[in-house]
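> Please find one structure pasted underneath; my questions will follow.
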Amino acid sequence: MKLIITGFSNAGKTTVFNALTGLELEITAYPTSISSEVEPHPGIVKIPDTRIDNLSAVYNPKKTSYATVEYIDFLGITSAAAGGDVSQNGKVFNLIKDADAVVHVVRAFEDESIMHPLGSMNPVRDVTSFEAELILGDLELVEKRIEKIEDQEKRGKKQDEADKKLLLKCKKALEEEASLRDIEFNDEEKRLMLPYQFLSTMPEIIVLNIDENDINSEKAKGYQQKIETYFRSTGSGAVPQVVTLCGKIEMEIAQLPDDEARAFLDDLGIDEPAMNKLCHVSYDALGLLSFFTVGEDEVRAWTIKEGTAAQQAAGKIHSDIARGFIRAETVSYDDFVSSGENMVAVKEKGLARLEGKTYEVKDGDIINFKFNV
Ligand SMILES: Nc1nc2c(ncn2[C@@H]2O[C@H](COP(=O)(O)OP(=O)(O)OP(=O)(O)O)[C@@H](O)[C@H]2O)c(=O)[nH]1
Ligand SMILES: [Mg+2]
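Just so you know, we're using this note's numbering here: the sequence shown kicks off at -1 and counts up by one.
Following this line, the structure appears as structure tokens:
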């Protein structure tokens, strides 16, 4: 599962990527352009999880493994409306289509020396302009498809009516500047839409990249509220998660040893690096949850999609466990904690459950799979 970090040039995308990954990719005060031959840069990021920290402290295993997600850093998109060269947008759009969710970094820091591609700092305008570019990208695709279908029709080749009808519905919405995620589609339409990987249907997270002086400020809250109000006013009224952070500071924190990072956070009056929140929000946006396996060898978080059945979840660990599945001995993390972090006590209290193949695994389940091959 991967998320692409995107947004306009100089919004702080690479800064946020470095903050997430602890890597040190080059940060520039000028927009990175396609001519600089940068390649999409992937980075695997551990999802911080205090439950895993705790389980590891209890079991003292040889190995502790956290869930991970992948982020990708690339060029920014360019706004045609602001007179930018949109030739690089196609490349970015292809990467967006290939990802499972979008992290949209929005510039909310003032700095005269760092060029803003839309002329001035204005987070709400950037959010709407970005949505407009995604809508344009989708419209272009839809128009091309419809043209192709009509071309085939002219040659007497029978075309899929349902597909054309769907594309016309999308075209109408996009022409009215609506994101496709705000339009209602029935299950059949949704199925037909999947292969198109429309940009404006991607799950989206907004990162509001604020100035270091604005941490915990009313000003930063104001930007966030305005963005949320904007989304509330669009079609479905669905508001994406907005994470407010200062990329520059977060990047410094990520590059410090743990104890120095803690002192630095305390100085700034920050409880937890905002990157932790961004990781959790990313995990949610992808529709993922974690179940755990515990033991002396390894304490580990396993990633599954919401709604995954126990047998399928077992297959994440090994296909043999899924094939020879007998049952899943399951304890919720909360029950484990409330029983004094002791599996014997959990069982005495009757809190250990024997679940079958079709049991829908919950976030925080500690599972011991019984199987027979
Ligand atoms: N003051 C301040 N400057 C920042 C912050 N985040 C990024 N910058 C600066 O903004 C400039 C652009 O940052 P990048 O991370 O390279 O931005 P980008 O979105 O990756 O830019 P492109 O890849 O060129 O599109 C750099 O000079 C950063 O130091 C921030 O939170 N506060
Ligand atoms: Mg960059």
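Idealized CB from N, CA, C, for every residue including glycine.
Does the region 129 to 144 come within contact of the region 185 to 198, defined as at least 3 CB pairs closer than 8 Å?
They touch, by the three-pair rule.
> CB of T30 to nearest heavy atom of ligand 2: below 7 Å?
Counting from one through the sequence shown, the residue named residue 30 turns up at place 32. Indeed, a heavy atom of ligand 2 lies less than 7 Å from the Cβ.
> Extract the residue ranges of the beta strand (DSSP E) inside the region 100 to 176, only unbroken runs of 3 or more that lie entirely within it.
The qualifying runs do not exist here; there are none.
> Return yes when at least one heavy atom of ligand 2 lies under 7 Å from the C-beta of K246, else no.
Start at 1 with the first residue of the sequence shown, and residue 246 comes out as number 248. For ligand 2, not one heavy atom lies less than 7 Å from the Cβ of K246.
> Helix or strand or just coil, what does DSSP make of S288?
As a first step, residue 288 must be located in the sequence shown, where it is residue number 290. Strand.
> Quick one: what's got a C-beta closer than 6 Å to K61's C-beta in the same chain, skipping five residues either side?
Here residue 61 refers to the residue found at position 63 of the sequence shown. Here the set comprises E296.
> Quick check for students: name the residue ranges of the alpha helix (DSSP H) that lie wholly in the region 304 to 371, counting only runs of 4 or more.
Runs of the alpha helix (DSSP H) inside the region 304 to 371: 308 to 315, 317 to 321, 331 to 336 and 341 to 346.
> Output needed for E159: all residues of its chain with C-beta closer than 8 Å, excluding positions within five of it in sequence on either side, in chain order.
Against the sequence shown, residue 159 aligns to sequence position 161. Cβ within range, chain order: n/a, list empty.
> Skipping 5 residues on each side, what residues in its chain have a beta carbon closer than 7 Å to that of K368?
Position 370 of the sequence shown, counted from the first residue, corresponds to residue 368. Excluding positions up to five away in sequence, the list reads I324, R325 and E327.
> So if DSSP puts T4 in a beta bridge, which residue, or which two residues, is it bridged to?
As a first step, residue 4 must be located in the sequence shown, where it is residue number 6. Looking at the DSSP assignment, T4 forms a beta bridge with H102.
> For the region 33 to 46 against the region 59 to 75, are there 3 or more C-beta pairs whose distance is under 8 Å?
Yes, the region 33 to 46 touches the region 59 to 75.
> According to the neighbour-count rule (16 or more other Cβ atoms, all chains shown, within 10 Å of its Cβ), is H316 buried or exposed?
Along the sequence shown, one-based indexing puts residue 316 at 318. Exposed, since its Cβ has fewer than 16 Cβ neighbours within 10 Å.
> DSSP three-state label for Y28, please.
Counting from one through the sequence shown, the residue named residue 28 turns up at place 30. Three-state DSSP puts Y28 in coil, outside helix and strand.
> Identify every residue that forms a DSSP beta bridge with L206.
By one-based count along the sequence shown, residue 206 stands at place 208. According to DSSP, which records beta bridges pairwise, L206 is partnered with V104 and T242.
> May I ask you to list the residues that DSSP assigns as paired with P40?
Translated into positions along the sequence shown, residue 40 becomes position 42. Partner(s): I70.
> Please report the residue range of the alpha helix (DSSP H) in which T227 lies.
Mapped onto the sequence shown, residue 227 falls at position 229. Looking at the DSSP string, the run of the alpha helix (DSSP H) that includes T227 is E216 to S231.
> Less than 6 Å between C-beta atoms, sequence neighbours within five positions excluded: which residues of the same chain meet that for Y57?
To locate residue 57, count along the sequence shown from 1; it is residue 59. If we look at Y57 and ignore the five residues flanking it on each side, its Cβ neighbours are V292 and V297.
> Drop a sphere of 10 angstroms on the beta-carbon of M113, count the other beta-carbons inside from all chains shown, and report buried for 16 or more, exposed for fewer.
Locating residue 113 in the sequence shown gives position 115, where the first residue counts as 1. Under this definition M113 is an exposed residue.
> Within 7 Å: the Cβ of K146 and any heavy atom of ligand 2?
Reading the sequence shown from its first residue, position 148 is the one you call residue 146. It does not: the Cβ of K146 is nowhere closer than 7 Å to a heavy atom of ligand 2.
> Just to check, is the beta-carbon of D361 closer than 7 Å to a non-hydrogen atom of ligand 2?
Here residue 361 is taken as the residue at index 363 of the sequence shown, counted from 1. No, the beta carbon of D361 sits no closer than 7 Å to any heavy atom of ligand 2.
> Under 6 Å Cβ to Cβ from M(-1), same chain only, skipping five residues before and after it: list those, please.
Locating residue -1 in the sequence shown gives position 1, where the first residue counts as 1. Cβ within range, chain order: V67, D98 and L284.
> Please state the DSSP three-state secondary structure of S63.
Along the sequence shown, one-based indexing puts residue 63 at 65. Three-state result, S63: strand.
> Using 10 angstroms around the beta-carbon of N211, count the other beta-carbons present and answer buried if the total reaches 16, otherwise exposed.
For the purposes of this step, residue 211 is identified with residue 213 of the sequence shown, where counting begins at 1. N211 is exposed by the Cβ-count criterion.
> When the Cα atoms are used, what is the spatial distance from V205 to G322?
Residue mapping note: residue 205 aligns to position 207 of the sequence shown, counting from 1. Residue mapping note: residue 322 aligns to position 324 of the sequence shown, counting from 1. The alpha-carbon atoms of V205 and G322 are separated by roughly 44 Å.
> If you drop the 5 nearest sequence neighbours on each side, which residues of the same chain put their C-beta closer than 7 Å to that of L287?
Walking along the sequence shown from the start, residue 287 turns up at place 289. Taken in chain order, the residues that qualify are I302, E304 and D361.
> So who's on the other strand from E296, going by DSSP bridges?
For this step, residue 296 is matched to residue 298 along the sequence shown. Paired residues: K61.
> Using the rule of at least 16 other Cβ atoms within 10 Å of the residue's Cβ for burial, across every protein chain shown, is R105 buried or exposed?
On the sequence shown, position 107 is the one that residue 105 refers to. Buried is the call here.
> So, are the CB atoms of I319 and A312 less than 8 Å apart?
As a first step, residue 319 must be located in the sequence shown, where it is residue number 321. As a first step, residue 312 must be located in the sequence shown, where it is residue number 314. Result yes, Cβ atoms of I319 and A312 sit closer than 8 Å.
> Taking the alpha helix (DSSP H) that E186 belongs to, which residues open and close that run?
Taking the first residue of the sequence shown as 1, we reach residue 186 at position 188. Run containing E186: D185 to M191, per the alpha helix (DSSP H) assignment.
> Exposed or buried, T19, counting other C-beta atoms within 10 Å across all chains shown (16 or more means buried)?
Numbered from 1 along the sequence shown, position 21 holds the residue referred to as residue 19. The residue in question, T19, is buried, as its Cβ has 16 or more Cβ neighbours within 10 Å.
> Looking at ligand 2, does it come within less than 7 Å of D71, judged from the CB to the closest heavy atom?
Counted from its first residue, the sequence shown places residue 71 at position 73. Yes, ligand 2 has a heavy atom inside 7 Å of this Cβ.
> Determine the burial state of S336: buried for a count of at least 16 other Cβ atoms within 10 Å of its Cβ, exposed for fewer.
Stepping through the sequence shown from its first residue, residue 336 is reached at position 338. Flag for S336 reads exposed.
> Hey, I372 and V100 are a contact pair by Cβ (cut 8 Å); roughly how many whole angstroms apart?
With the chain running from -1 to 371 in the structure shown, residue 372 is simply not present.
> Could you work out which residue in E270, N207, V342 and V329 is closest to T289 when comparing CA atoms only?
Along the sequence shown, read from residue 1 onward, the residue named residue 289 stands at position 291. Looking at the sequence itself, residue 289 is Phe, so the reference to Thr does not match. When only C-alpha atoms are compared, the closest one is V329.
> Quick one, which of E353, I25 and S7 has its alpha-carbon nearest M119's?
Your numbering for residue 119 matches position 121 in the sequence shown. Of E353, I25 and S7, the residue nearest in Cα terms is S7.
> Just checking my contact of C244 with I208 at CB under 8 Å: how many whole Å lie between their CB atoms?
As a working note, residue 244 is residue 246 in the sequence shown. As a working note, residue 208 is residue 210 in the sequence shown. Yes, they are in contact, since the Cβ atoms of C244 and I208 sit about 5 Å apart, within 8 Å.
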